[in-house]
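Written below as structure tokens is the structure these notes are about.
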Amino acid sequence: GMKCIYFDTVPKLTYGSATPMESMEALLRESDFVSMHVPSMKSTENLIDEEQIAMMKKGAYLLNASRGKVVNLEATAAALRSGKLGGAAIDVFPVEPETNGPGFVTPLQGCPNTILTPHVGGSTQEAQAKIGEEVATSIIKVRAQPAAHMQIPLLQPRVFVQ
Numbered sequence: 454g455m456k457c458i459y460f461d462t463v464p465k466l467t468y469g470s471a472t473p474m475e476s477m478e479a480l481l482r483e484s485d486f487v488s489m490h491v492p493s494m495k496s497t498e499n500l501i502d503e504e505q506i507a508m509m510k511k512g513a514y515l516l517n518a519s520r521g522k523v524v525n526l527e528a529t530a531a532a533l534r535s536g537k538l539g540g541a542a543i544d545v546f547p548v549e550p551e552t553n554g555p556g557f558v559t560p561l562q563g564c565p566n567t568i569l570t571p572h573v574g575g576s577t578q579e580a581q582a583k584i585g586e587e588v589a590t591s592i593i594k595v596r597a598q599p600a601a602h603m604q605i606p607l608l609q610p611r612v613f614v615q
């Protein structure tokens with residue numbers, strides 16, 4: 454089996470059998486695979502760069518499917534070429550490719566054990582249908598029992614009128 458560990462800046466209940474770590478540094482030092490799942494914010498820009506990669510185990514794998522500016526691609530490419538990282542899978546880029554074909558350039562092209570994919574998982578027909586079902590179900594639930602499903606206080610319309 455796989456031992457799953459995680460770090461979050463906001464304390465949360467434990468996820469299944471996953472073990473929370475006290476810091477991102479502790480997580481990086483212990484992990485064989487690091488998978489990034491964070492929003493795009495000023496505080497998450499280059500969250501993984503040379504300093505964090507240096508903390509990782511030799512041969513560890515880095516996965517980023519969150520946002521393009523979370524991982525420093527130049528530092529990742531250097532770590533892949535030197536053998537510090539055993540591999541990487543990157544699904545997001547600081548500037549996303551606009552089309553299939555020539556013109557897309559990233560420092561990760563040609564790096565060993567690297568998978569580069571476009572961030573289009575939510576763009577399939579199946580994913581769009583599922584999102585539509587989830588939104589419709591949520592609207593029905595909220596309309597049926599608004600107080601039970603709202604996590605923020607309802608604002609009166611006059612708040613938005615100037």
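All residue numbers for the sequence shown refer to my numbering, where the first residue is 454 and numbers rise by one.
Ideal Cβ placement from N, Cα and C applies to all residues, glycine included.
Specify whether the region 465 to 473 and the region 494 to 508 touch according to this definition: at least 3 beta carbon pairs, one from each stretch, less than 8 Å apart.
no
Counted within 10 angstroms of its Cβ, other Cβ atoms place R520 as buried (16 or more) or exposed
buried
Buried or exposed for I593, going by 16 or more other Cβ atoms inside 10 Å?
exposed
Within the continuous alpha helix (DSSP H) that includes G585, where are the two ends?
578 to 597
Comparing alpha-carbon positions, which option in E527, K465, N566, A532 lies nearest A507?
A532
Under 8 Å, with one C-beta from each stretch per pair, do the region 556 to 563 and the region 578 to 586 reach the 3-pair mark?
no
I'd like the span of the alpha helix (DSSP H) that includes L515, first residue to last.
Where L515 is concerned, there is no enclosing alpha helix (DSSP H), although the beta strand (DSSP E) it sits in stretches over 513 to 517.
Have a look at M494 and V548 and give me their C-alpha separation to the nearest angstrom.
15 Å
Own chain residues within Cβ distance below 6 Å of D544, not counting five before or after:
A518, T570, H572
Using alpha carbons as the reference points, say which of F486, T462, H490 lies closest to M477.
T462
To the nearest angstrom, report how far apart G540 and A589 are at their CA atoms.
40 Å
Could you pull out every residue in the same chain whose Cβ sits closer than 8 Å to the Cβ of V487, ignoring the five residues on either side in sequence?
L480, L481, I501, M509, A513, Y514, L515, L516
Determine the burial state of N566: buried for a count of at least 16 other Cβ atoms within 10 Å of its Cβ, exposed for fewer.
exposed
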